[in-house]
Amino acid sequence: MPALDTTDRNILRLLRLDARMSNAKLAAEVGLSPSACLRRIKIMETTGVIRGYTALLDTSNADAMIAVIINITLERQTEDYLDRFEAAVRRHPEIRECFLMTGGSDYLLRVEVANAGEFERIHKEILSALPGVLRIHSSFSIRNVLATRGRGKR
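In structure tokens form, the structure reads like this:
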């Protein structure tokens with residue numbers, strides 16, 4: 034992965050705010066010619082610094098999914114326990130993200146549900162059945178603050 038300079042970091046900052054910004058506008062914002070700006074973007078895409086682009090969805094409508102953040106504490110933190118837990122998590126597409134953590138819990142998981150009943154099912158059938166789990170602590174999100182960036186808020 035190439036070392037990023039100030040201009041690269043500025044390009045990334047602006048793309049995070051608006052990935053659909055025209056190359057001409059982006060180049061002007063960072064002080065490059067459009068061709069030089071596009072070349073830098075292509076390098077960052079090719080080397081994996083930029084892995085892709087996504088759409089931010091309006092989560093204010095009734096059909097929106099609710100993000101649930103789950104802290105998992107294992108009975109033990111041995112390599113065997115960690116490996117078995119991670120292998121089990123990979124088998125459940127309902128679990129969107131899984132991070133090995135430092136601090137008060139061993140893992141942080143994110144799932145998305147339509148309602149509390151759906152989460153109850155995931156809790157009973159999946160989370161409670163994961164190997165080595167000692168404690169599960171779940172928090173329901175109210176709103177994704179960063180998702181509002183697409184509406185011109187910075």
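Residue 34 is where the sequence shown starts when you use my numbering, and the numbers rise one by one after that.
Just so you know, even glycine gets a beta-carbon here, dropped at the ideal spot from N, CA and C.
Bear in mind the structure is a predicted one, so any value in this text is a computation, not a measurement.
Self-check item: Local Cβ density within 10 Å of alanine 69, reported as buried at 16 or more and exposed below that
Solution: It counts as exposed.
Exercise. Drop a sphere of 10 angstroms on the beta-carbon of methionine 134, count the other beta-carbons inside from all chains shown, and report buried for 16 or more, exposed for fewer.
Key: exposed
Quiz item: Just the Cα atoms here: how many angstroms apart are isoleucine 102 and leucine 50?
Solution: Using only the alpha carbons, I get a separation of about 24 Å.
Quiz item: Is it right to say alanine 60 is buried, meaning 16 or more other beta carbons lie within 10 angstroms of its own, or is it exposed?
Solution: buried
Quiz prompt | Anticipated Cβ contact below 8 Å, alanine 100 with glutamate 145, distance rounded | solution = 6 Å
Quiz item: Which residues does DSSP pair with glutamate 119 in a beta bridge?
Solution: According to DSSP, which records beta bridges pairwise, glutamate 119 is partnered with nothing at all.
Self-check item: Contact the stretch 116-131 vs the stretch 167-176: 3+ CB pairs below 8 Å
Solution: no
Self-check item: Cβ shell of arginine 73 (< 8 Å), same chain only, five flanking positions each side left out
Solution: If the five residues before and after arginine 73 are omitted, its C-beta is found closer than 8 Å to the C-beta atoms of Thr40, Asp41, Ile44 and Leu65, all from its own chain and listed in chain order.
Exercise. Please determine if the stretch 111-121 and the stretch 160-168 are in contact, where contact requires at least 3 C-beta pairs separated by less than 8 Å.
Key: yes
Self-check item: Identity of the residue in Asp113, Leu37 and Asp139 nearest glycine 81 by Cα
Solution: Leu37
Quiz prompt | alpha helix (DSSP H) segment containing threonine 39, residue limits | solution = 39-50
Practice problem: Note the first and the last residue of the continuous beta strand (DSSP E) segment covering serine 171. | Solution: 166-173
Quiz item: Just checking my contact of arginine 230 with threonine 87 at CB under 8 Å: how many whole Å lie between their CB atoms?
Solution: One cannot answer for residue 230 here, as it falls past the ends of the chain, which runs 34 to 187.
Practice problem: For arginine 53, count neighbouring Cβ atoms within 10 angstroms of its own Cβ and tell me buried if that reaches 16, exposed if not. | Solution: exposed
Quiz item: Cβ of glutamate 62 within 8 Å of Cβ of leucine 47?
Solution: yes
Self-check item: Nearest candidate by alpha-carbon position, reference methionine 98, set Ala149, Glu158, Leu179 and Arg154
Solution: Ala149
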